[in-house]
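Numbering (our numbering), first residue to last: -12 to 138.
Structure (structure tokens):
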């Protein structure tokens, strides 16, 4: 089965790559999860749009990464308000990397890919200040503090 990847798949390829996979893997895993589309002439046109979107989100180089680092570390108050929290400060849910990326954007910072964020653990499950690390480039790492506040 010939497919065009729409997302990064481990040990297979990057978005926009045309790959040949077994029918079951493509039909039962890649297609239902939206990781690939069936290769056709119309799909080849979509590949260009996918590549352009990936390039727009990607860090363009070391200089661009340093600019993003300065913008992220220059943010004064990055806070995230959570709706539900217990009396002891524990959250009933958790704060994910996607929530943190949204908080950075809401605080006036740049758009950051959620996969480049490193949370103290897999998820933040308590209110308070938490140290967050953003891997912008292999040589550039930005650090900031996220304040999780109960509403």
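Beta carbons: idealized from backbone N, C-alpha and C, even for Gly.
CA-to-CA distance, residue 75 to residue -8, given in whole angstroms: 45 Å
When every heavy atom of the ligand ZN is checked, does at least one fall within less than 8 Å of the C-beta of residue 27? The ligand ZN is absent from the structure shown, which contains no ligands of any kind.
At the level of alpha carbons, what is the spacing between residue 99 and residue 133? 14 Å
Could you tell me which residues DSSP puts in a beta bridge with residue 115? 135
Just to confirm my understanding: we take residue 38, look at its own chain, exclude 5 residues before and 5 after, and list those with CB closer than 6 Å. What are they? If we look at residue 38 and ignore the five residues flanking it on each side, its Cβ neighbours are 3.
With a 10 Å radius around its C-beta and 16 neighbouring C-beta atoms as the bar for buried, classify residue 87 as buried or exposed. buried
Chain-order list of residues whose beta-carbon lies under 8 Å from that of residue 95 (same chain, five-residue window excluded): 62
Below 7 Å CB to CB, which residues in the same chain sit around residue 85 once its five sequence neighbours on both sides are set aside? 101
Mind checking whether residue 81 and residue 110 have CB atoms under 9 Å apart? Yes; because the gap between Cβ atoms is below 9 Å, this pair is in contact.
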